[in-house]
Amino acid sequence: MAFIRSIVVLCATLIAPSLAHCTLEQLQAATTDYIAAQTAGQVSTFSSAKYTENFQPANISTGILSQPLKIDSAKSIHDTTDCVTFTEIIVTDPTHPYVIGTQLRWSTHGETLEEVSSIVTDQGDWLFNATAALSWSQKETFYDPVADDKRDTRETLKAAADAYLNKFNDNSVVVPFGIPCARLEGGVYTGTGSPTDNCDLGFPTGIPMLNRRYVIDPVVGAINVFFNFGGPTSSPDSHTFKLLEGKIRYVHTMTVLKCNALPEDPCNA
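Counting with the working numbering, you get residues 3 to 271 for the letters of the sequence shown.
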């Protein structure tokens, strides 16, 4: 496919070989290829990469990517500095609804697709409701680009995401919430459409968010983080944040459960 064939040519011309740099257009082609592959259940383009589902090694030929899905929504962000992307997929097909988050991660110099990592949530996972997730997300401007003169830096985006996640372990952490702000957790939405909607609705404490892997997109003003919720092997989780002028305005989460309990409970370790 387009991106897979041309990435070698692109990255062979890089002046700074110590850094991973890809163009936005190339990464957009990659996520387009990924969405097409998931729609068709065609894995051949990605079969040479390490493949994981819910942070566990999986067989790509029998995994979720091999299953044709009727996709209702597919939105992506693109990290041109680290050559990594994130795509949020919502499937409301009543035979098997899903909400899926996938990071595509490239080698340091961008020549090779190294990893396809998907978090796959469905019935029984934390607050799962694909139909509600689709409905709420369609009302948002989450993935709209931010005007050039209002874009936050990578450092600002990462600091905000880390503050939010660190607050679960230490309630004294100050999170840069904006107003209005809404959280979409599974299929549950905290926003009401009010200009005073607030995401600071209380946090537990003493719960570490470990093994973080980031996708940072200043053009969209968004950052995605994959991590384990509550411990080194606990619930696989994806949080995606939208910032405007340094403040968090939207949060989307998906959390895989091993048992019917809170993500941080021991049975989910």
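Ideal Cβ placement from N, Cα and C applies to all residues, glycine included.
For S120, the enclosing beta strand (DSSP E) covers residues L115 to T123. Residue burial annotation: N270 is buried, with at least 16 other C-beta atoms found within 10 angstroms of its C-beta. Residue burial annotation: K244 is buried, with at least 16 other C-beta atoms found within 10 angstroms of its C-beta.
Within the stretch 25-92, the complete alpha helix (DSSP H) segments of 4 residues or longer fall at 26-42, listed in chain order. Around the beta-carbon of A32, 16 or more other beta-carbon atoms lie within 10 Å, marking it buried. DSSP places R156 inside the alpha helix (DSSP H), whose first and last residues are R156 to K169. I66 sits away from V217, with the two beta carbons spaced by 8 Å or more. For the 8 Å CB-CB criterion, K77 and V93 do not form a contact. Ranking L115, Q40 and L246 by CA distance to the CA of D84 puts L115 first. In the structure shown, the three-state DSSP call for K260 is coil. D150 carries a helical assignment under DSSP once its states are collapsed to helix, strand and coil.
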